[in-house]
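Here my numbering is used: position 149 in the sequence shown is 185, and no number is missing along the way. Quick reminder that beta carbons are idealized off the backbone N, C-alpha and C, glycines included. A quick note: this is a predicted structure, and the numbers were derived from the prediction, not measured. Input: a single structure, listed below in structure tokens.
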Amino acid sequence: MASLNKVFLMGNLTRDPELRYIPGTNSAVCEFGIAVNRRFMQAGGQEKDETCFVEIVVWGKQAESCSRFLQKGASVLIEGRLVYDQWVERDTQKKRSRLRVTAERVQFTGARREDGGAPMQQDAGPDEDPTRQGYSSPRPASRPQGQPYARQSYDAPSHPQQQVYRSRPQQDAAPAGPAESAMPEGDPFENVDDIPF
Numbered sequence: 037m038a039s040l041n042k043v044f045l046m047g048n049l050t051r052d053p054e055l056r057y058i059p060g061t062n063s064a065v066c067e068f069g070i071a072v073n074r075r076f077m078q079a080g081g082q083e084k085d086e087t088c089f090v091e092i093v094v095w096g097k098q099a100e101s102c103s104r105f106l107q108k109g110a111s112v113l114i115e116g117r118l119v120y121d122q123w124v125e126r127d128t129q130k131k132r133s134r135l136r137v138t139a140e141r142v143q144f145t146g147a148r149r150e151d152g153g154a155p156m157q158q159d160a161g162p163d164e165d166p167t168r169q170g171y172s173s174p175r176p177a178s179r180p181q182g183q184p185y186a187r188q189s190y191d192a193p194s195h196p197q198q199q200v201y202r203s204r205p206q207q208d209a210a211p212a213g214p215a216e217s218a219m220p221e222g223d224p225f226e227n228v229d230d231i232p233f
């Protein structure tokens with residue numbers, strides 16, 4: 037049976053991010069909480085706000101970016117997955133558990149930081165997670181120092197690549213003129229028998 041574990045949350049940080057490094061591996065991990073508000077109408081026609089507090093964990097370089105550019109009150113869009121943590125308290129030997137979100141992507145959606153940092157309209161992008169060893173994502177080119185961040189996408193291009201079916205043979209000594217676009221000759225769907233409709 038197929039399953040899906042995907043979470044999208046937009047909210048504000050409830051505290052400043054806490055960055056630490058895992059001993060031995062030197063992997064960065066950043067933890068913070070966000071408050072996600074939901075406004076709805078009650079039966080009597082009154083508006084009511086409901087707030088859900090969610091703990092977020094971010095790994096790798098993305099964790100370092102979150103620690104550097106986010107602060108309490110900042111608005112973020114989180115894309116990630118739910119993780120169920122279980123442990124036994126050392127003092128009381130009680131079994132404890134919690135649900136939290138491991139972020140695969142963090143998009144900063146707020147205004148500039150008060151300390152003059154980069155704008156928070158930035159996509160921190162997916163990053164390595166120690167639980168996803170062997171998988172990595174493309175890295176964006178580094179930006180010049182002092183330049184503002186631009187939103188970067190790590191997904192497929194927003195426009196499909198044009199497929200050229202056949203090209204015309206190049207002619208000798210063709211006059212220099214406007215370049216012709218490569219157009220397919222004939223009907224590209226001429227001998228397609230496996231169309232499912």
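Among the options, which residue has its Cα nearest to the Cα of residue i?
i, options, result
"residue 139", "133, 65, 114 and 104", "114"
"residue 40", "128, 102, 127 and 116", "116"
"residue 134", "127, 119, 143 and 146", "119"
"residue 110", "44, 43, 51 and 42", "51"
"residue 95", "61, 145, 132 and 130", "61"
Please go through the same chain and pick out, in chain order, the residues whose beta-carbon is closer than 6 Å to the beta-carbon of residue i, but skip the five residues on each side of it.
i, result
"residue 87", "71 and 73"
"residue 82", "none"
"residue 66", "53, 55, 94, 99, 102 and 103"
"residue 199", "Note on residue 199: pLDDT 42, under 50, position unreliable in the model; no value is reported."
Given this structure, state the Cα-to-Cα distance separating residue i from residue j, to the nearest angstrom.
i, j, result
"residue 181", "residue 105", "Residue placement at residue 181 is poorly supported in this model, since its pLDDT is 43, which falls under 50; the coordinates are not used for a value here."
"residue 37", "residue 46", "30 Å"
"residue 100", "residue 124", "29 Å"
"residue 68", "residue 57", "15 Å"
"residue 64", "residue 130", "29 Å"
"residue 97", "residue 144", "15 Å"
"residue 80", "residue 146", "34 Å"
Determine whether the beta carbon atoms of residue i and residue j lie at a separation below 7 Å.
i, j, result
"residue 55", "residue 108", "no"
"residue 112", "residue 142", "yes"
"residue 103", "residue 59", "no"
Residues in the same chain with beta-carbon distance under 8 Å from residue i, minus the five sequence neighbours each way, listed in chain order, please.
i, result
"residue 84", "75, 76, 77 and 78"
"residue 136", "90, 91, 92, 93, 118, 119 and 121"
"residue 132", "122, 123, 124 and 125"
"residue 43", "114, 115, 116, 117, 118 and 137"
- Segments of 3+ residues assigned as beta strand (DSSP E) that fall wholly inside the segment 70-138: The segment 70-138 is shown to contain whole beta strand (DSSP E) runs of 3 or more residues at 83-95 and 111-124, in chain order.
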